[in-house]
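See below for the structure under consideration.
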Amino acid sequence: MIRVALVEDDAGYRTQLEEYLAQYQREHDESFQITSFSDGDEIAENYTARYDIILMDIEMPVLDGMSAAERIRQKDEEVVIIFITNMPQYVMQGYKVDALDYVLKPVTYFSFSQRIARAISRMRKRQEKYRMVPVRSGMQKLRVSQIMWVEVQNHDLVYHTRSGDIQSKETLAEVEESLNDPAFFRCSKCSLVNLEYVDGISGSDALVAGTLVQVSRARKKPLLDALNNYINEVSK
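For the sequence shown, the residue numbers in the working numbering are -13 to 222.
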């Protein structure tokens, strides 16, 4: 599921772009969840990083698209932004907010579909994140999605990954802060689990990829809540 925010004050254009997205879904076997906004202030106010792609008009009555994008970038460095505009003189400013591209009005389906394809390609490249882990021999590149859980063992930190264990001299707090990922949950002072690999809760333990990982009493309910939220998000 690709989450798309469509920010356009003109109802006619908004409907047209929704129809273009529906056509692209059919032709390319993609799945979009579309949230529409009629002005830049609607998306920028209380923004949370929940979108993969934002299609943003520039000229809007309350908050223009460029200003909205600047606010969004303060909270979300990853979302792919495409401007849709009849004002080509503003295109160069798009580089300041790392906009991928722009589409000039009137929008044709051909030009729109090309930009959407580029946006999806960039989004998927960004989705796979890596982390450089300090190990005894130097540094090791680790794919974040491969981390099942991280725990403290005898003053060392151990990454349990799908391809084996990696020992590091980092602290668990440093790892949690650098990941800054809602898929990871601190279930005790010694363990950080990837919710993707949590198969259930058994007593005071979480079942993580077939292994029981202890959960502190105070963190059990928050873990259950986080796991439910995570399942709901990935199922959308």
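Backbone N, C-alpha and C define an ideal beta-carbon position, used for all residues, glycine too.
{"Asked": "Boundaries (first-last residue) of the beta strand (DSSP E) holding E137", "Found": "133 to 139"}
{"Asked": "Cα-Cα separation, R117 to Y183", "Found": "18 Å"}
{"Asked": "Length of the line joining the Cα atoms of F69 and D87", "Found": "7 Å"}
{"Asked": "C-alpha distance - V119 paired with N214, whole-angstrom precision", "Found": "30 Å"}
{"Asked": "Straight-line Cα distance separating M125 from Y224", "Found": "Lying before the first or after the last residue shown, residue 224 is absent from the chain, which here runs from -13 to 222."}
{"Asked": "Three CB pairs or more closer than 8 Å across the region 25 to 35 and the region -2 to 8", "Found": "no"}
{"Asked": "Short Cβ contact (8 Å threshold) for D(-5) with D43", "Found": "yes"}
{"Asked": "Cβ distance (whole Å) where D62 is taken to contact P47 below 8 Å", "Found": "Going by Cβ atoms, the distance from D62 to P47 rounds to 24 Å, so no, they are not a contact pair."}
{"Asked": "Those residues which DSSP pairs with R188 across a bridge", "Found": "Note that residue 188 is Ser in the sequence shown, not Arg. Answer is D191."}
{"Asked": "Run of the beta strand (DSSP E) containing L178, from where it starts to where it stops", "Found": "177 to 180"}
{"Asked": "DSSP three-state assignment for T157, whether helix, strand or coil", "Found": "coil"}
{"Asked": "C-beta atoms of V201 and L193 nearer than 8 Å", "Found": "no"}
{"Asked": "Beta-carbon spacing of R59, D84 below 8 Å", "Found": "yes"}
{"Asked": "Proximity to L223 [Cα-Cα], best of D191, A(-9), S190, Y(-1)", "Found": "It is not possible to answer for residue 223, since the shown part of the chain is limited to -13 through 222."}
{"Asked": "Distance, A204 Cα to E16 Cα", "Found": "41 Å"}
{"Asked": "According to DSSP, residues forming a beta bridge with D145", "Found": "In the sequence on display, residue 145 carries Tyr and not Asp. The partner list for Y145 (beta bridge, DSSP) reads V136, I152."}
{"Asked": "Nearest residue (CA-CA) to S80, options M52, D211, K206, A159", "Found": "According to the sequence displayed, residue 80 carries Gly and not Ser. It is M52."}
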